Each structure stands twice: as structure tokens, then as C-alpha cells.
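Visitor: Chains F and W, in that order, give the protein sequences.
Under my numbering, the first residue of the first sequence is numbered 333, with each subsequent residue one higher.
Under my numbering, the first residue of the second sequence is numbered 9, with each subsequent residue one higher.
Each residue gets a CB set at the ideal place from its N, CA and C atoms; glycine is no exception.
In this text the structure is predicted, and so the values were computed from the model without any measurement.
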Amino acid sequence: EAQVTQNPRYLITVTGKKLTVTCSQNMNHEYMSWYRQDPGLGLRQIYYSMNVEVTDKGDVPEGYKVSRKEKRNFPLILESPSPNQTSLYFCASRTGGGPGETQYFGPGTRLLVL
Amino acid sequence: RKEVEQDPGPFNVPEGATVAFNCTYSNSASQSFFWYRQDCRKEPKLLMSVYSSGNEDGRFTAQLNRASQYISLLIRDSKLSDSATYLCVVPYGGFKTIFGAGTRLFVKA
Chain F
333 EAQVTQNPRY LITVTGKKLT VTCSQNMNHE YMSWYRQDPG LGLRQIYYSM
383 NVEVTDKGDV PEGYKVSRKE KRNFPLILES PSPNQTSLYF CASRTGGGPG
433 ETQYFGPGTR LLVL
Chain W
9 RKEVEQDPGP FNVPEGATVA FNCTYSNSAS QSFFWYRQDC RKEPKLLMSV
59 YSSGNEDGRF TAQLNRASQY ISLLIRDSKL SDSATYLCVV PYGGFKTIFG
109 AGTRLFVKA
């Protein structure tokens, strides 16, 4: 089954404790992206990756890091989480054919930073 | 002007009604547009793509007005199951994607 998986699905942590949210896709997509969703603001792009070892900042990259060492995986790293990073996070992937391609989303990760 | 702007609603309509949402965008160079549906903070899922003047899929019609820089989504014969948040999505350049904040729809029996 074609899918995007994220782990963990729910996470409660404390300020400053490093965490990683994993994302994996089995569709051989070149392009992957991370979004956060907050009430009234919609989804905002954090980082995206066009292929292995190629990443770039989205609209809200501050406080986040990513890596793309393998095509299928695109982890999101919060080196020192803060309460304003409490949010719902989605990973997405699509083929790299162009902006017109459909994005497929993971189920989301709900993060609470105390 | 926001890059992508939607009326947040909520739209409360009875079953069987026709409802329309608008979405305005600021980047005149955008060539493709999307409507995604999102249920109760679950992952967004593609509803329709719009590449030219419009697209129709059953009860759903999406239209594009490039001159005025807006796209619309029309839902005919609303069902209870259409209750969701509808997200307007506009790619900006090759890989940057801007989502609208979403329009909430409640369909009542």
C-alpha cells in the first residue's frame, strides 16, 4: 500500500529536550516536505527536499532541522524545542515532476512542548 | 495581501444545498491549483486539481479565474459526509507550496 508514515503520532516533551519526528514514504517520490498546522493559520511549510541531500527552507524553518540521507526518509529534528513549537506536524511527499503533482500526506504528529 | 486567502466560514448548510467557496491568491505566475479536504485535524487529501479554466468531478466543480486571481469550489447536493475543512493550495515556484487557512463546512440533516 502506497503511504507516508510518521512517528511518533503523539508526543509530549519538555522545553529543550531534543526530539526527532520520523517520516518515511514507500512511493519512491523525489520530493518531501514538512508542514506545521496551527489554528487559524493553515498549513505552513517548514522545510522541503527535492531529492537526497538536497533540502531548502520553507516559510517557517526557525528552530527546525531536516536531513535527507535516503530517498524514502525525511526526519524533522527539533534541537531545542520550545512551547511555540507545539503544533500538529505533517510530512508529505510527491513525485518531482513539477508543482502540479499531488502531495500525499502522513497521518500527522501532535506535539506538545511544556 | 496574503499569498492565499480563504473565507474561514463556517458555512452551515442543509443537506441537498449548493455551496461555494472562494480562494484568492497573489502569485500571478501560478499555473496549477488544488483543493484538499481535511477531516477533524487528520491529514489533508486531494479533492481536485485545477490547471485551466476549471474541472468537474461528480458533485464538485472547481473553477479558475486568472484575471481576478481566484479559484472557487462548488459543491452541489451537499451530503452530511461533505462536512470537513476545505483547503485551497497554490504552488509558488517549483517546490514552495502555500496553503490557505481553510474553509469549514458543516452540512446538517
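1. For a cutoff of 9 Å on Cβ pairs, would you count Thr-347 of chain F as touching chain W?
2. If we define contact as Cβ-Cβ less than 9 Å, is Arg-49 of chain W a contact residue for chain F?
3. Let me make sure I understand the geometry here. Which of F:Asn-383, F:Thr-441, F:Ile-344, F:Asp-391 has the alpha-carbon closest to that of Arg-376 of chain F?
4. On a CA-only basis, which of F:Asn-405, F:Pro-413, F:Lys-349 is nearest Asn-358 of chain F? Give me that one, please.
5. Less than 9 Å between CB atoms is the rule here; does Ser-57 of chain W satisfy it with respect to chain F?
6. Below 8 Å on C-beta distance, what does Ser-365 of chain F contact in chain W?
7. Taking 9 Å as the cut-off, decide whether the C-beta atoms of Ser-381 of chain F and Arg-400 of chain F are in contact.
8. Are the beta-carbon atoms belonging to Tyr-421 of chain F and Val-336 of chain F less than 9 Å from one another?
9. To the nearest angstrom, how far is it from the Cα of Met-366 of chain F to the Cα of Tyr-379 of chain F?
10. Along the beta strand (DSSP E) that carries Ala-424 of chain F, what are the first and last residues, could you check?
11. Consider the Cβ of Pro-393 of chain F: report whether some Cβ of chain W lies at a distance smaller than 9 Å.
12. Can you tell me where the beta strand (DSSP E) holding Gln-435 of chain F begins and where it ends?
13. If you check the beta carbons only, do Phe-41 of chain W and Leu-55 of chain W fall under 9 Å apart?
14. Does the distance from the CB of Ala-28 of chain W to the CB of Leu-72 of chain W come in under 9 Å?
15. Leu-95 of chain W touches chain F at which residues, Cβ-Cβ below 8 Å?
16. Between which two residues does the beta strand (DSSP E) carrying Lys-389 of chain F extend?
17. Kindly indicate if chain W contains any beta-carbon less than 9 Å away from that of Thr-434 of chain F.
18. Under 6 Å Cβ to Cβ from Leu-446 of chain F, same chain only, skipping five residues before and after it: list those, please.
19. According to DSSP, is Asn-358 of chain F part of a helix, a strand, or is it coil?
20. Since Val-445 of chain F is in the beta strand (DSSP E), which residue starts that stretch and which ends it?
Guide: For this structure:
1. When Cβ-Cβ separations below 9 Å define contact, Thr-347 of chain F makes no contact with chain W.
2. Yes, because at least one Cβ of chain F sits closer than 9 Å to the Cβ of Arg-49 of chain W.
3. Nearest option by C-alpha distance: F:Asp-391.
4. If you compare the alpha carbons of F:Asn-405, F:Pro-413, F:Lys-349 with that of Asn-358 of chain F, the shortest gap goes to F:Asn-405.
5. Taking Cβ atoms only, chain F reaches closer than 9 Å to Ser-57 of chain W, which makes this a yes.
6. In chain order: Phe-103, Thr-105.
7. Taking 9 Å as the Cβ cut-off, Ser-381 of chain F and Arg-400 of chain F qualify as a contacting pair.
8. Taking the C-beta atoms as reference points, Val-336 of chain F is found no nearer than 9 Å to Tyr-421 of chain F.
9. Per the sequence presented here, residue 366 of chain F reads as Trp, with Met not at that position. Near 5 Å, if we compare the C-alpha coordinates of Tyr-379 of chain F and Trp-366 of chain F.
10. Taken as a continuous stretch (DSSP letters only), the beta strand (DSSP E) holding Ala-424 of chain F covers 419 to 426.
11. False, the Cβ-Cβ gap to chain W never drops below 9 Å.
12. Following the DSSP letters along the chain, one finds Gln-435 of chain F in no beta strand (DSSP E), marked with neither H nor E.
13. Pairing Phe-41 of chain W with Leu-55 of chain W gives a Cβ-Cβ distance that is not under 9 Å.
14. No.
15. Chain order gives the chain F residues near Leu-95 of chain W as Gly-374, Leu-375, where near means a beta carbon separation below 8 Å.
16. First-last of the beta strand (DSSP E) with Lys-389 of chain F: 386 to 389.
17. It does: the Cβ of Thr-434 of chain F has a partner Cβ on chain W nearer than 9 Å.
18. Closer than 6 Å at Cβ, skipping near neighbours: Val-346.
19. Correct three-state label for Asn-358 of chain F: coil.
20. Counting along the chain, the unbroken beta strand (DSSP E) around Val-445 of chain F starts and ends at 441 to 445.
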